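In the numbering used here, the protein residues as written are 1 to 259.
C-beta: ideal position from N, C-alpha, C; glycine also.
The structure displayed is predicted, hence computed values, not measured ones.
All remarks here apply to the structure that follows.
Structure representation (structure tokens):
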């Protein structure tokens, strides 16, 4: 569950779309409900031909109507964010339920299009004289859009990415974690989205320059894949060793801000 005012409500539904296709893949009904009905669940009733089998697609928190999409168009449709943390009215969600018989009550478990990324710092292996204070954590190559009803690789990215800074890093600086969010990006074996941690640095190896920082970077993913799937929680622990500076300056450990 969310714990801060800057985090999204993970179960909020502000609006929702329903697309209902018959057994031949033809759209029977498209509806957008802009205001959530009272109660704990979003409910919608419709009338369908008896004896038929249907495919139902649902999407929530888009802020607009999907309209009359063919089934192929729906599977290819991408939801775009205006900015990386555009979730004040709820995290965008979607789901597909196939082979739904007419006359039944259908419960649709929605999946969030975003993944939650937890990042923590283990400073126990640093030399005693080293002080490392994170000032910014962000997602680089943060996806700007994702398919609603089918998984896929991100094609467009924000220039800046999802950022946490200031008070949002209080828990991280107390030995806890910081949570970030991003849309699905199934990049397979090709490195794509990454985490960047900027920290003020003081130690025998040098000191941060004014308004400059030591930077750690690492690609998101695991188990031989750089996939970050929707509706998942991924946790990463960064554990610098010794003076916290690598033997060679580079992309993963950028020491250009340390003198």
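Alpha-carbon to alpha-carbon, residue j and residue i
i           : j           : result
residue 197 : residue 175 : 15 Å
residue 21  : residue 28  : 5 Å
residue 141 : residue 51  : 48 Å
residue 231 : residue 109 : 11 Å
residue 170 : residue 125 : 21 Å
residue 133 : residue 173 : 7 Å
residue 245 : residue 255 : 7 Å
residue 12  : residue 42  : 10 Å
residue 225 : residue 177 : 23 Å
residue 202 : residue 131 : 5 Å
residue 214 : residue 223 : 28 Å
residue 212 : residue 235 : 27 Å
residue 77  : residue 147 : 6 Å
residue 151 : residue 74  : 12 Å
residue 119 : residue 182 : 13 Å
residue 86  : residue 7   : 11 Å
residue 96  : residue 44  : 16 Å
Residue i (DSSP reduced to helix, strand or coil)
i           : result
residue 68  : coil
residue 172 : helix
residue 136 : strand
residue 263 : In this structure the chain extends from 1 to 259, so residue 263 is not present and cannot be described.
residue 10  : coil
residue 47  : coil
residue 114 : strand
Nonlocal neighbours in the same chain, by C-beta distance under 8 Å from residue i, ignoring five residues either side
i           : result
residue 156 : 80, 143, 144, 145
residue 60  : 13, 14, 15, 16, 17, 42, 90, 92, 93, 94, 110
Other residues of its chain near residue i: CB distance less than 7 Å, five sequence neighbours each side excluded
i           : result
residue 206 : 258, 259
residue 99  : 53
residue 228 : 115, 182, 184, 185, 193, 220, 221, 234
Cβ separation of residue i and residue j, assumed to be a contact under 8 Å, to the nearest whole Å
i           : j           : result
residue 153 : residue 185 : 6 Å
Near the ligand HEM: residue i beta-carbon under 8 Å from a heavy atom
i           : result
residue 151 : This structure does not include the ligand HEM; it has no bound ligands of any sort.
Contact set for residue i: own chain, Cβ-Cβ below 6 Å, skip 5 residues either direction
i           : result
residue 32  : 17, 65
residue 117 : 180, 234
Which runs of the beta strand (DSSP E) fall wholly inside the stretch 88 to 112 and span at least 3 residues, in chain order?
93 to 101
What are the complete beta strand (DSSP E) segments, minimum 3 residues, inside the stretch 153 to 198?
163 to 165, 177 to 183
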